[in-house]
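FYI, the numbering for the sequence shown is 1093 to 1209, going by our numbering.
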Amino acid sequence: MDDSLLSDLKLSLRLDPDEEDDMILNRNLIAAESYVKGAIGNDDGLMEGFYELDSVKQSYEIAVIALASSYYTFRSSGMTGRINTVDMTGNSIIAQLRGKYLKEKERREADGSEHQS
């Protein structure tokens, strides 16, 4: 887990750096990373290093932090009534990254290259 992501998550949640249990926040980050990568595509094999590309890294991290923040803020599982949630930030970034992922995959397949940093 990248310590800078944890620091950025605490900042986005406006938590004191020493205030909250890092274990809970790290679990939220791991779950968010897994969700985002599952929605876009894996970073192994042909696509190794995709999430580290300059054109991808910042957007990927914002999507992960936004989702992890949501997991932390809305951690209650009991609800009454109907709630429709829309994660505009995460969904729009994921949609953009899907396009970049497919374009990069096509480029790599055409070049026969493993990855580009």
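Heads up, the beta-carbon is just placed ideally off N, CA and C, and yes, glycines get one too.
1) Considering only the alpha carbon of each residue, which of 1138, 1110, 1154, 1133 lies closest to residue 1190?
2) If you follow the alpha helix (DSSP H) that residue 1095 is part of, which residue opens it and which one closes it?
3) So, with DSSP's three-state summary, where would you put residue 1110?
4) Can you list, in chain order, the residues of its chain with a C-beta nearer than 7 Å to that of residue 1095? Leave out the 5 residues immediately preceding and following it.
5) Report the option in 1203, 1154, 1143, 1197 whose CA atom is closest to the CA atom of residue 1180.
6) Flag this pair as yes or no: are the beta carbons of residue 1121 and residue 1107 separated by less than 8 Å?
7) Might you give, ordered along the chain, the residues of its own chain that have their beta carbon closer than 7 Å to the beta carbon of residue 1194, omitting 5 neighbours on each side?
8) The alpha helix (DSSP H) spanning residue 1196 covers which residue range?
9) Residue 1185: which of 1141, 1165, 1159 sits nearest, CA to CA?
10) What residue range is occupied by the uninterrupted alpha helix (DSSP H) comprising residue 1153?
11) Rounded to the nearest angstrom, what separates residue 1141 and residue 1162 at their Cα positions?
12) To the nearest angstrom, how far is the alpha carbon of residue 1125 from that of residue 1204?
So, to answer that:
1) 1133
2) 1095-1104
3) coil
4) none
5) 1154
6) no
7) none
8) 1180-1203
9) 1159
10) 1149-1165
11) 26 Å
12) 27 Å
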